Each structure stands twice: as C-alpha cells, then as structure tokens.
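Q: Numbered per UniProt numbering, the sequence shown finishes at 352, counting up by one with no gaps. Ideal Cβ placement from N, Cα and C applies to all residues, glycine included. Nothing here was measured: the structure is a model prediction, and the numbers come from that model.
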Amino acid sequence: MKAAQVKAFGLPSEVLNVSDSVDPPSAPIPDHVLIRVHAVSLSPSDYRMLTGAGDLIKKPPHNKWPYIPGGDLSGVVEQVAPNVTRFKPGDHVIGTWDAFGIGALAELAVVHQKFVELKPPKLSFLEAAAVADSAANALLAVEDARVKAGDRVLVLGGSGGVGTSLLQLLRRADVSHIVTTSTDKPLCKQLGADVVINYKEVDWWKAPEVTEQAFDVMIDCAEGSSAWRKALEHGIVKSRKEGGRFLAVVVNEWHIEIHNCWQMLSWFLPVVRRVIASRCLGSVSPTYTMMFPAPRGDSNRRLLDIVEEGGLKVVLDPESPHSFTTKGVHDAFDKMIARKGHGKIVVSIRDE
C-alpha cells in the first residue's frame, strides 16, 4: 500500500518518504477497526514524535523503524474485529488516537474502536479529519477553564488548529467579550472574536484592549510560560479570589525538548509550582490549570454532536489539502513546524 514512512528522528525533508510498497496492516485484532483512509490532519504531537523532540516518552512502539506517522484521520471502514459491533464495513468514520498514536498517513490504518466515531454526513472527509483532534481539545479547553456565560475571555493563538474551534465554542457558550491574538483578523472576527490583536505589530500584553479591564479567563494556545508571567506582571486576569482562571494549552514552550529524566523534571516542575502558587496566592494570582490534550470519555462524540447541530464550522488552512506525495507531506509538516497554519493542516489521501 501507499504510506508515509519515517526512518529516524529528524526533519521531515531528511527522514520522511512516501512509498507505494509498504506492507498493509493485517486483519484487525479484537476491539480494532481497519479503515481505508481518505484524509489526515496533522497535530503538534505528530511533529514532536517525528523530530524526536520528546523521544523520552514519544517514540515508535518497541522502537521499531520505519514507522507511519499521523494520528487523526477520516475514512471508510474496511473491516472490523469480530467483537466490534458499533461499526460495520462501509461506515464513514473519524478516527483519532491517544497522545502517542501513529499509523494514519497511509491508505489503510487500524484504530481502536474507542477512538472511532461515525462521521457527520454534513462534513466532507477533509473537514472530518480536521475535527478529529484539535476541535475536541478546544471543547475540553472550554470545560477545563470552566467558562460560563458573561465571562470576558482572552485567547492567545486564535487562528491555529485549536484556536479556530475555541473561538466558536466560546461564542456558543455566550461569553460577553472575546479578545484574541492573531495575524488573521478577518478569520478570527468571522469566528466570533470581538477584538483581534496582531501580535507581530504590537505587544499584546500592553494593548489597551487587554489592559483596560481584567479578564475572567485566559486560554493560552500559543506561548507557554511567558504568557503566564505576563498575565501576572500586568494583572491581565482576575485573581483566583475574584474567579480568575488561566488555562495552559501550551504549557512551557511550544517547542519541547525532552530527551532524559532531568529534562522531563525541568519541564514538569515549573508547572507544579504554578499550580500550587496560584492556589496559595489566590488574592493576586488566577487559578492556573494545565490541559492534557487527549480524548476523554465521550469528548469526540460530544464535539461531533455540536458540529451536527451547526454550532461549529471546520476551518482548514488555505493551503490544505496537501497532496499525498513526499513533497506534499513535507510541505504539510514544514508548515506545522513553522507555526504558519491558519486552521487545520490536512493531507488528502484519497479523492472523495
């Protein structure tokens, strides 16, 4: 079959190749579904495994090379294990993985049934692949931040894969005011933002639209530790005592390097300090929460219900879909790594 393969850790142009002679997966084992893939969307988890940025915890199962990258897909069920009753051959589905999933960038992929949902008929396969991960994480972000009607919310990174869904879900939650940072003002305004600050032209934490009144909620999808420091130094978010909440989707830095236990501790301990300090210093600090971006319970199904109700528009990056060629997949990953996507970056595996 045709599939993308990664031969070692490194940059896509150095280690990734699309081949027509890859062995197809065998019949699905219990609880698994074999899917003929139509489209795949990329996520930061995919590039971090590919480059080896977090190879202490993110590497191919059993360290087996080459591996097929990608975790979020849409397609048609080809075969199911005997004990699978939720799906049947011919079903149009969306599949995702946990944080360590691989295998999607191929003509055929095997997915555990707990990560598979029926595709809403109104979505194309390209759109369906795009909601498999980031949109569900945006829903979890709204829930983890305990967003409620009337809140004033600041979102860093409103035009990325998570941000484009997050803005819409916040508006759906009936918040009173949304400010976001992005270079794509028309897109963010269309998705529900009241104010869009171009962070390349102005320091967002000094903008009058940010400093004039403290926010109830701040959700960071872009910066990491520096966003938390700026929030504290400039009083951007209400204190915990006043109900202020800070949710970190990006925790320390967007680019993560975890190759040994010391680096793991160096990454995790600052998070623990922020969580503890925010709860001990509630009169000056908002509550700090770190979000774990992975499917939880029925989060994917609940997100798809919102899509079916018309409560969420799927946003693809303008250059998507990328072709299922070596160059096409390289271009998709390069755009992900450069953080230049406005919407989800998608590779078309099979014409609809």
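(1) Roughly how many whole angstroms lie between the Cα atoms of Gly224 and Ala248?
(2) In whole angstroms, give me the CA-to-CA distance for Trp204 and Thr287.
(3) Please classify Leu170: does DSSP put it in a helix, a strand, or coil?
(4) Report yes if the C-beta distance between Ala4 and Pro61 is below 7 Å; otherwise report no.
(5) Counting pairs of Cβ atoms below 8 Å between the stretch 335–349 and the stretch 318–325, do you hit three or more?
(6) For Lys114 versus His92, is the C-beta distance shorter than 7 Å?
(7) For Lys238, which residues of its own chain have a beta-carbon under 8 Å away from its beta-carbon, when the five flanking residues on both sides are left out?
(8) Is it true that the CB of Leu316 sits closer than 7 Å to the CB of Ala135?
(9) If I follow the unbroken alpha helix (DSSP H) through Met49, where does it start and stop?
(10) Ile29 and Leu73 look like a contact to me (Cβ under 8 Å); what is the Cβ gap, rounded to whole Å?
(11) Looking only at its chain, what residues have a beta carbon closer than 6 Å to the beta carbon of Ser182, apart from the 5 residues adjacent to it on each side?
(12) Given this structure, state the Cα-to-Cα distance separating Leu16 from Met49, to the nearest angstrom.
(13) Do the stretch 129–145 and the stretch 154–174 touch if we need at least three Cβ pairs shorter than 8 Å?
(14) On a Cα-Cα basis, can you pick out the residue from Thr289, Leu269 and Asn260 that is closest to Asp55?
(15) Whose C-beta lies closer than 6 Å to the C-beta of Ala227 among residues of the same chain, with five residues either side of it excluded?
(16) For Ser278 and Arg229, what's the separation of their Cα atoms in angstroms?
(17) Given a threshold of 16 other Cβ atoms within 10 Å of its Cβ, counted over all protein chains shown, does Arg240 qualify as buried or as exposed?
(18) Where are the beta strand (DSSP E) runs, 3 residues long or more, that stay fully inside the stretch 59–87, in chain order?
(19) Put Gly328 into one of helix, strand or coil per three-state DSSP.
(20) Since Val329 contacts Leu105 with CB under 8 Å, what's their CB separation in whole angstroms?
(21) How far does the alpha helix (DSSP H) with Met264 in it reach, from first residue to last?
(22) Beta strand (DSSP E) containing Leu16: first to last residue?
(23) Using the Cα positions of Leu166 and Val307, report the straight-line distance between them to the nearest angstrom.
(24) Roughly how many angstroms lie between the CA atoms of Trp97 and Thr211, to the nearest whole one?
(25) Restricting to Cα atoms, I'd like to know which of Leu11, Val6 and Lys2 is closest to Ala338.
(26) Hey, out of Pro44, Ala222, Pro82 and Ala332, whose CA is closest to Asp31's CA?
(27) Does the distance from the CB of Val40 to the CB of Ala129 come in under 7 Å?
(28) Return the CA-CA distance between Gly101 and Tyr67, expressed in angstroms with no decimal places.
(29) Measuring only the C-alpha atoms, how far is Leu123 from Lys327?
(30) Given Arg86, which residues of its chain have a CB within under 7 Å of its CB, disregarding the five upstream and five downstream residues?
(31) Check each candidate in Ser21, His177 and Lys340 and name the one with the smallest Cα separation from Glu209.
(32) With DSSP run on the structure shown, which of helix, strand or coil describes Gly310?
(33) Tell me which same chain residues have a C-beta within less than 6 Å of the C-beta of Val110, skipping the five on either side of it?
(34) For Lys200 and Met264, what's the separation of their Cα atoms in angstroms?
(35) Given a cut-off of 7 Å on the beta-carbon distance, is the pair Gly341 and Thr164 in contact?
(36) Given Asp133, which residues of its chain have a CB within under 6 Å of its CB, disregarding the five upstream and five downstream residues?
A: The short version:
(1) To locate residue 224, count along the sequence shown from 1; it is residue 224. To locate residue 248, count along the sequence shown from 1; it is residue 248. For Gly224 and Ala248, the distance between alpha carbons rounds to 7 Å.
(2) By 1-based counting over the sequence shown, the position of residue 204 is 204. By 1-based counting over the sequence shown, the position of residue 287 is 287. Each residue's alpha carbon lies about 21 Å from the other.
(3) Here residue 170 refers to the residue found at position 170 of the sequence shown. Helix, per DSSP.
(4) Here residue 4 is taken as the residue at index 4 of the sequence shown, counted from 1. Here residue 61 is taken as the residue at index 61 of the sequence shown, counted from 1. No, the Cβ-Cβ distance between Ala4 and Pro61 is not below 7 Å.
(5) yes
(6) Against the sequence shown, residue 114 aligns to sequence position 114. Against the sequence shown, residue 92 aligns to sequence position 92. Not closer than 7 Å, so no.
(7) As a first step, residue 238 must be located in the sequence shown, where it is residue number 238. If we look at Lys238 and ignore the five residues flanking it on each side, its Cβ neighbours are Ala214, Phe215, Asp216, Gly244 and Pro286.
(8) Along the sequence shown, one-based indexing puts residue 135 at 135. Along the sequence shown, one-based indexing puts residue 316 at 316. Contact flag unset, no.
(9) In the sequence shown, counting from the first residue as 1, residue 49 sits at position 49. Note, Met49: alpha helix (DSSP H), Pro44 to Thr51.
(10) Numbered from 1 along the sequence shown, position 29 holds the residue referred to as residue 29. Numbered from 1 along the sequence shown, position 73 holds the residue referred to as residue 73. Actually they are not in contact, since the Cβ atoms of Ile29 and Leu73 sit about 18 Å apart, beyond 8 Å.
(11) For the purposes of this step, residue 182 is taken as the residue at position 182 of the sequence shown. Answer for Ser182: Gly158, Ser159, Cys188 and Val196, listed in chain order.
(12) On the sequence shown, residue 16 is found 16 positions in, with the first residue counted as 1. On the sequence shown, residue 49 is found 49 positions in, with the first residue counted as 1. Cα to Cα, Leu16 sits roughly 12 Å from Met49.
(13) yes
(14) In the sequence shown, the residue the question calls residue 55 occupies position 55. Of the candidates Thr289, Leu269 and Asn260, the one whose C-alpha sits nearest the C-alpha of Asp55 is Asn260.
(15) For the purposes of this step, residue 227 is taken as residue 227 along the sequence shown, with counting starting at 1. Excluding positions up to five away in sequence, the list reads Leu156 and Asp220.
(16) Locating residue 278 in the sequence shown gives position 278, counting from the first residue. Locating residue 229 in the sequence shown gives position 229, counting from the first residue. For Ser278 and Arg229, the distance between alpha carbons rounds to 12 Å.
(17) Position 240 of the sequence shown, counted from the first residue, corresponds to residue 240. Its Cβ being crowded by 16 or more others within 10 Å, Arg240 is buried.
(18) 72–80
(19) For the purposes of this step, residue 328 is taken as the residue at position 328 of the sequence shown. Gly328: helix per DSSP, three-state reduction.
(20) Position 329 of the sequence shown, counted from the start, is the residue given in the question as residue 329. Position 105 of the sequence shown, counted from the start, is the residue given in the question as residue 105. With a Cβ gap of about 7 Å, Val329 and Leu105 count as contacting.
(21) As a first step, residue 264 must be located in the sequence shown, where it is residue number 264. Cys261 to Cys280 is the extent of the alpha helix (DSSP H) around Met264.
(22) Counted from its first residue, the sequence shown places residue 16 at position 16. Per DSSP, Leu16 belongs to the beta strand (DSSP E) from Leu16 to Ser19.
(23) The count along the sequence shown starts at 1 and reaches residue 166 at position 166. The count along the sequence shown starts at 1 and reaches residue 307 at position 307. Taking the straight line from one Cα to the other gives about 13 Å.
(24) Along the sequence shown, one-based indexing puts residue 97 at 97. Along the sequence shown, one-based indexing puts residue 211 at 211. Rounded to the nearest angstrom, the two C-alpha atoms are 40 Å apart.
(25) Indexing the sequence shown from 1 puts residue 338 at position 338. Checking every option, the nearest Cα to that of Ala338 belongs to Leu11.
(26) Mapped onto the sequence shown, residue 31 falls at position 31. For the residues Pro44, Ala222, Pro82 and Ala332, the minimum Cα distance to Asp31 belongs to Pro82.
(27) Locating residue 40 in the sequence shown gives position 40, counting from the first residue. Locating residue 129 in the sequence shown gives position 129, counting from the first residue. Closer than 7 Å, so yes.
(28) For the purposes of this step, residue 101 is taken as residue 101 along the sequence shown, with counting starting at 1. For the purposes of this step, residue 67 is taken as residue 67 along the sequence shown, with counting starting at 1. About 11 Å.
(29) Residue mapping note: residue 123 aligns to position 123 of the sequence shown, counting from 1. Residue mapping note: residue 327 aligns to position 327 of the sequence shown, counting from 1. So the alpha carbons of these two residues sit roughly 27 Å apart.
(30) Within the sequence shown, the letter at position 86 stands for residue 86. Same-chain partners within the cutoff: Gln113.
(31) Walking along the sequence shown from the start, residue 209 turns up at place 209. Closest option to Glu209, Cα to Cα, is His177.
(32) Within the sequence shown, numbered from 1, the residue matching residue 310 stands at position 310. Residue state, collapsed to three classes: coil.
(33) Numbered from its first residue, the sequence shown carries residue 110 at position 110. Contacts found: Pro25, Pro28, His32 and Leu34.
(34) Position 200 of the sequence shown, counted from the start, is the residue given in the question as residue 200. Position 264 of the sequence shown, counted from the start, is the residue given in the question as residue 264. In a straight line, the C-alpha of Lys200 is about 31 Å away from that of Met264.
(35) Here residue 341 refers to the residue found at position 341 of the sequence shown. Here residue 164 refers to the residue found at position 164 of the sequence shown. The answer is no: Cβ separation not under 7 Å.
(36) Translated into the one-based positions of the sequence shown, residue 133 becomes position 133. For Asp133, where only same-chain residues beyond five positions count, the Cβ hits under 6 Å are Ser43, Asp72 and Thr96.
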